[in-house]
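One structure below.
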Amino acid sequence: MPRLPRIRPYLAAYVSATAFAFGSLPGVAAAADTVPQNDLLNAELWMQKSVEYKANSLAVYALAKVRLDEALADKKWTAATEQSGDYGNLPPAIILDADETVVDNSAYEAGLITSGADYSSKTWDTWTRAEKALAVPGAVEFTRYADSRGVKVFYVSNREADQEDATRKNMEALGFPMGGNVDTFLMSKEQPNWGSAKGSRRAFVARDYRVLLLLGDNFGDFTDNFRGSDEDRLKAFRSMQAHFGHDWLMLANPVYGSFESAPFNGDYKLPADEKRRKKIEALEPWTPPAK
Ligand SMILES: [Mg+2]
């Protein structure tokens, strides 16, 4: 993240108005602070250091185990909206996203904060090739349980095709099921119609397998309707809400994702200041009554 002035001009009015309303404003850097603010800090601290995050991941994977057993017993069950035809007797599979679903890249994100750098595809590529990602709590145990029940474990990741080998080595060392003689790592651009939207890859799995569960940390791990404004996303979510907690399970990721880009319409080229302004404008604050 770029090193920024303590309080941006547009924030000054907000800060003084809010500080006036509440009497004080914990969490906003005072003019004398020498430590730069960083938009990722609290989210990253939670992901990398908190027991609360670990407990949350374990709970999601504990529920996944329960749902997997239910899904195996019900031949009509499918988690893939792309699934069609007579799928009841197809072999079972599950589809998981990789980053922040089964592997934990928090050391890379932490490095962005401590070095004051922005995300870049170049440093991200170096990180993936270092094979230093850790396992998300509960992910190895759950995927190994699924594998032991004869369920093929697919990873549908937006890491790119030329990062597949390093990703495989990293995840094999962590103990994840590797798919045997089936290519279970379906990376972005590995086939011509495999873009960042994952529907074509879910359809590819659903052709030969009954898909029991989807697991991800981003709306796009479940539907191709993940983009657009917050209102668009909420509308799409409402129409699919019954899946969540049932055959679609979401891991928490407050650090990055399509939630973060929705307020600025995914226009990452905007100046950091402008993106932050749009995010603040997206908030719905309570205004205390006038005295
Ligand atoms: Mg992810």
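All the letters of the sequence shown, read from the start, carry residue numbers -31 to -1, 1 to 260 under mature numbering (1 follows the signal peptide of the UniProt record, and there is no 0).
The C-beta atom is built at its ideal place from N, Cα and C for all residues, glycine as well.
Mapping DSSP to helix, strand and coil, what is L252? If DSSP states are grouped into helix, strand and coil, L252 belongs with coil.
Going by the beta-carbon positions, is the gap between A172 and D193 smaller than 8 Å? Against a cut-off of 8 Å, the Cβ pair of D193 and A172 comes out as no contact.
Hey, how far is the Cα of P223 from the Cα of M16? Answer to the nearest angstrom: the Cα atoms are 8 Å apart.
Does the beta carbon of D68 fall short of 7 Å from some heavy atom of ligand 1? It does: the Cβ of D68 is within 7 Å (strictly closer) of some heavy atom of ligand 1.
From what residue to what residue does the beta strand (DSSP E) around Y22 run? Taken as a continuous stretch (DSSP letters only), Y22 belongs to no beta strand (DSSP E), being part of the alpha helix (DSSP H) at 20 to 42.
On a CA-only basis, which of F111, G80, D8 is nearest I249? Give me that one, please. Cα-wise, what sits closest to I249 is D8.
Distance between S126 and D68 (C-alpha atoms, nearest Å): Near 7 Å, if we compare the C-alpha coordinates of S126 and D68.
Selected residue, minimal CA-CA separation from I63, among R118, K158, Y88: Comparing Cα-Cα distances from I63 to each of R118, K158, Y88, the minimum goes to R118.
Rounded straight-line distance, which links the Cα of D73 to that of E100: Between E100 and D73, the C-alpha separation is close to 11 Å.
Segments assigned alpha helix (DSSP H), at least 4 residues, entirely inside the region 34 to 108: With a minimum length of 4 residues, the continuous alpha helix (DSSP H) runs that stay inside the region 34 to 108 are 75 to 84, 90 to 99.
Applying the criterion that 16 or more other CB atoms from any shown protein chain within 10 Å of the CB defines a buried residue, is K238 buried or exposed? So K238 counts as exposed.
Suppose you measure from the CA of E51 to the CA of Y114; what does that come to, to the nearest Å? Roughly 25 Å between the two C-alpha positions.
Compute the Euclidean distance between the alpha carbons of D66 and E253, then round it to the nearest angstrom. Those two C-alpha atoms are separated by around 31 Å.
According to DSSP, which residues form a beta bridge with R179? Looking at the DSSP assignment, R179 forms a beta bridge with P61.
Quick check: the region 173 to 188 against the region 25 to 40, are at least 3 beta-carbon pairs closer than 8 Å? Output reads yes: the region 173 to 188 touches the region 25 to 40.
Can you grab the Cα-Cα spacing for the pair Y22 / A221, in whole Å? Taking the straight line from one Cα to the other gives about 8 Å.
Tell me the DSSP bridge mates of E129? Answer by DSSP bridge pairing, in chain order: S157.
Grab me the residues of S169's own chain with a C-beta within less than 7 Å of its C-beta, minus the 5 sequence neighbours each way, in chain order. N162, W163, listed in sequence order.
Let me check you understand the geometry: is the CB of G54 closer than 7 Å to at least one non-hydrogen atom of ligand 1? Every heavy atom of ligand 1 is 7 Å or more from the Cβ of G54, so no.
So what's Y237 in DSSP terms, helix, strand or just coil? Looking at Y237 - three-state DSSP - the assignment turns out to be coil, as it is neither helix nor strand.
Short check: CB of T153 to CB of K121, under 8 Å? Yes, the Cβ-Cβ distance between T153 and K121 is below 8 Å.
Let me check one thing: in DSSP terms, what residues is Y124 bridge-paired to? Per DSSP, the beta-bridge partners of Y124 are L65, F154.
Given F195, which residues of its chain have a CB within under 6 Å of its CB, disregarding the five upstream and five downstream residues? Annotation for F195: F188, G189, S227 place their beta carbon closer than 6 Å to its own, counting only its chain and skipping 5 residues before and after.
Could you please give the first and the last residue of the uninterrupted beta strand (DSSP E) stretch that includes L218? Judged by DSSP secondary structure, L218 falls within the beta strand (DSSP E) whose first and last residues are 217 to 219.
When you compare the CB positions of P5 and G85, do they come within less than 8 Å of one another, or not? Contact flag set, yes.
Do you know how far the Cα of L41 is from the Cα of F111? When rounded, the distance between both Cα atoms is 15 Å.
Helix, strand or coil for F188? Go by DSSP, reduced to three states. If DSSP states are grouped into helix, strand and coil, F188 belongs with the helices.
Return the CA-CA distance between G197 and S75, expressed in angstroms with no decimal places. Approximately 27 Å, taken between the alpha carbons.
Comparing alpha-carbon positions, which option in A49, R179, S90 lies nearest E129? Minimum Cα distance to E129 is reached at S90.
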